[in-house]
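Those letters in the sequence shown? Residues 211 to 320, by the working numbering. Contents: one structure, followed by commentary.
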Amino acid sequence: MSLDDFYCSRTVKAIRKPHECEQCGRQIDVGSPAEYGAGKYDGYFYARYQHIECRAAGMAYAEATGLWGEDFTWFQHADSDQRDDIGEWLLEHHPIVAERINYQREEVSA
Ligand SMILES: [Zn+2]
Numbered sequence: 211m212s213l214d215d216f217y218c219s220r221t222v223k224a225i226r227k228p229h230e231c232e233q234c235g236r237q238i239d240v241g242s243p244a245e246y247g248a249g250k251y252d253g254y255f256y257a258r259y260q261h262i263e264c265r266a267a268g269m270a271y272a273e274a275t276g277l278w279g280e281d282f283t284w285f286q287h288a289d290s291d292q293r294d295d296i297g298e299w300l301l302e303h304h305p306i307v308a309e310r311i312n313y314q315r316e317e318v319s320a
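The following block contains the structure:
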């Protein structure tokens, strides 16, 4: 961290260009609301968009797990072990986002 690092975010009511959601990896459609975040970290400028629901789910997940900052969980980048935990948690709390990352509970057939 250097002194000129910063981060800011705001809610966009309707995006004018399609963007990929950082959290689920799917496209956010033009005209949809999105959470826009921009910052500078270690001299690099970055900007990202997330679905409103994905951002809410991401924040809630970080709250539940205590994983913030470097350890923050991006659902689309989770490894397969983590994915089951995240998927189950999403199905329970944020089913829309579970669907976006294509998580489905495996049917146990006898
Ligand atoms: Zn998303």
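Glycine is no exception: its CB is placed at the ideal position from the N, C-alpha and C atoms. As the structure is a computational prediction, the values presented were derived from the model and not from experiment.
Residue i burial status per 10 Å Cβ neighbour count (16 or more: buried)
i	result
residue 292	exposed
residue 244	buried
residue 261	buried
residue 307	buried
residue 241	exposed
residue 315	exposed
C-alpha gap between residue i and residue j, whole angstroms
i	j	result
residue 277	residue 295	14 Å
residue 248	residue 219	6 Å
residue 288	residue 246	21 Å
residue 313	residue 266	18 Å
residue 285	residue 251	21 Å
Same chain, Cβ closer than 7 Å to residue i, five either side skipped, listed in chain order
i	result
residue 238	225, 228, 229, 231, 244, 259, 261
residue 216	249, 250
Same chain, Cβ closer than 6 Å to residue i, neighbours up to 5 away in sequence not counted
i	result
residue 222	244, 246
residue 235	286
Three or more C-beta pairs below 8 Å linking the stretch 270-290 and the stretch 247-257
no
Tell me, please, whether the stretch 263-275 touches the stretch 299-306 by the rule of three or more beta-carbon pairs shorter than 8 Å.
yes
At which residue ranges does the stretch 230-316 contain complete beta strand (DSSP E) runs of 3 or more residues, listed in the order of the chain?
244-251, 254-261
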